[in-house]
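Engineer: Okay, here's the structure, questions in a sec.
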Amino acid sequence: MLGIGGGVLITPILVNLFGIPIKDAIGASIISVISTSSGAGSVYLSRGLIHTRLAMILEIATTLGAFAGGLTAMILAPKALAIIFGAVLLYVAFMMAFGKEYRTDSNSTTLLNFEYQDPSDDSSHSFGVRNLTAGMVLSFIAGNISGLLGIGGGVVKVPIMNLVMGIPMRVSIATSNFMIGITAAASAVIYYQHGYLKPGVVTPTMLGVLLGSQIGARLGGKIQSVRLKQIFSVLLLFFSITMFFQSFGY
Numbered sequence: 018m019l020g021i022g023g024g025v026l027i028t029p030i031l032v033n034l035f036g037i038p039i040k041d042a043i044g045a046s047i048i049s050v051i052s053t054s055s056g057a058g059s060v061y062l063s064r065g066l067i068h069t070r071l072a073m074i075l076e077i078a079t080t081l082g083a084f085a086g087g088l089t090a091m092i093l094a095p096k097a098l099a100i101i102f103g104a105v106l107l108y109v110a111f112m113m114a115f116g117k118e119y120r121t122d123s124n125s126t127t128l129l130n131f132e133y134q135d136p137s138d139d140s141s142h143s144f145g146v147r148n149l150t151a152g153m154v155l156s157f158i159a160g161n162i163s164g165l166l167g168i169g170g171g172v173v174k175v176p177i178m179n180l181v182m183g184i185p186m187r188v189s190i191a192t193s194n195f196m197i198g199i200t201a202a203a204s205a206v207i208y209y210q211h212g213y214l215k216p217g218v219v220t221p222t223m224l225g226v227l228l229g230s231q232i233g234a235r236l237g238g239k240i241q242s243v244r245l246k247q248i249f250s251v252l253l254l255f256f257s258i259t260m261f262f263q264s265f266g267y
């Protein structure tokens, strides 16, 4: 529903409610993100909401960042990962709550023009992409965070596309869902090689996420973009606080 892959929720839940070590939780989260992308992406693609050309361009930088982030995660202490996780969520929650969204009618560039129909009211919109170079640089950072924390990168990609590149919220969410599976796959190899993909954790989590992503993608099309941003911000704020508490042993 929010284009974030679910990793931003899965990792804190596995760590805080089930007592699973954070690196094992991140490994399960990465595989679940791939499931989310497959389940929700098929729904968004059928509705014509995914900007596939933009996704393929940004994914070059994101995948390189994810591979680098996965390598970094292997040498960081669990407490450091939890603190970084909380800080990332807190920053993005603030940006989504108070950042200014570009309006479709003023975004009339000619770069990678895209047209879509908003499923909430059947209205048609078109827009062009802004700040592609900045988007590429920030996508590398998003990929790095994805590989480091196992969150798919959607938690950062959605704000990047929406606030920096001028992509409408609904298309940002759909395009992010399409991309996150590729991003997660790049870092999954590293977690597998180091033994952090535990079948007993990965399998039930992945199956639940696959079902949830199908439901969420259908619900998301019926909710206004402003409401989606509010839901996004509240969830991120809540889980950033839980990760900070966890990092200090509470």
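Just so you know, the working numbering puts 70 at position 53 of the sequence shown, and the rest follows in order with no gaps.
Note that the Cβ used here is the ideal one computed from N, Cα and C, for glycine as well.
Spell out whether any CB of chain D is found under 8 Å from the CB atom of L224.
Structural biologist: Annotation note: the requested chain D is absent from the structure, which comprises a single protein chain.
Engineer: Provide the residue(s) that pair with F144 in DSSP beta bridges, ordered along the chain.
Structural biologist: F131, per the DSSP bridge assignment.
Engineer: Does the Cβ of E76 have 16 or more other Cβ atoms within 10 Å, making it buried, or fewer, making it exposed?
Structural biologist: The residue in question, E76, is buried, as its Cβ has 16 or more Cβ neighbours within 10 Å.
Engineer: Short check: CB of I39 to CB of V50, under 8 Å?
Structural biologist: No, Cβ-Cβ distance for I39 and V50 is not below 8 Å.
Engineer: Tell me the rounded alpha-carbon separation between L166 and F249.
Structural biologist: Cα to Cα, L166 sits roughly 18 Å from F249.
Engineer: Is V219 closer than 8 Å to I37 when the C-beta atoms are compared?
Structural biologist: It is not a contact, given that the beta carbons lie outside the stated cut-off.
Engineer: Quick one: grab the DSSP three-state call for A42.
Structural biologist: Helix.
Engineer: Expressed to the nearest angstrom, what Euclidean distance is found between the alpha-carbon atoms of M46 and F35?
Structural biologist: For the record, residue 46 in the displayed sequence is Ser; it is not Met. Approximately 14 Å, taken between the alpha carbons.
Engineer: The alpha helix (DSSP H) with M12 in it runs from where to where?
Structural biologist: For residue 12 there is no data in the structure shown, the boundaries of the chain being 18 and 267.
Engineer: Throw me the rounded Cβ distance for the L106 and V172 pair, which I believe falls under 8 Å.
Structural biologist: Yes, they are in contact, since the Cβ atoms of L106 and V172 sit about 7 Å apart, within 8 Å.
Engineer: Rounded to the nearest angstrom, what separates M112 and G183 at their Cα positions?
Structural biologist: Those two C-alpha atoms are separated by around 14 Å.
Engineer: Which ranges does the alpha helix (DSSP H) cover as unbroken runs of at least 4 residues, wholly within the region 199-238, from first to last along the chain?
Structural biologist: The qualifying runs are 216-237.
Engineer: Could you give the residue range of the alpha helix (DSSP H) that holds I184?
Structural biologist: Looking at the DSSP string, I184 is not in any alpha helix (DSSP H), and its letter there is neither H nor E.
Engineer: Is the distance from the Cβ of N194 to the Cβ of Y61 below 8 Å?
Structural biologist: Cβ distance < 8 Å, so N194 and Y61 count as in contact.
Engineer: Would you be able to state if there are at least three C-beta pairs under 8 Å between the region 67-81 and the region 185-199?
Structural biologist: Yes: the two stretches touch, three or more of their Cβ pairs being nearer than 8 Å.
Engineer: Could you tell me how far apart the beta carbons of N130 and G145 are, in whole angstroms, since I believe they sit closer than 8 Å?
Structural biologist: The pair is a contact, with the Cβ atoms about 5 Å apart (cut-off 8 Å).
Engineer: Have a look at V243, F262 and I100 and flag the residue whose alpha-carbon is nearest the alpha-carbon of A114.
Structural biologist: Here the closest residue by C-alpha is V243.
Engineer: Just checking my contact of S163 with A83 at CB under 8 Å: how many whole Å lie between their CB atoms?
Structural biologist: Yes, S163 and A83 are in contact; Cβ-Cβ is about 5 Å, under 8 Å.
Engineer: Find out if the Cβ-Cβ distance for the pair A234, A57 is shorter than 8 Å.
Structural biologist: Cβ distance < 8 Å, so A234 and A57 count as in contact.
Engineer: Does DSSP put I48 in a helix, in a strand, or in coil?
Structural biologist: If DSSP states are grouped into helix, strand and coil, I48 belongs with the helices.
Engineer: Just verifying my parser: in three-state terms, what is the DSSP assignment at I100?
Structural biologist: Of the three classes helix, strand and coil, the one that applies to I100 here is helix, per DSSP.
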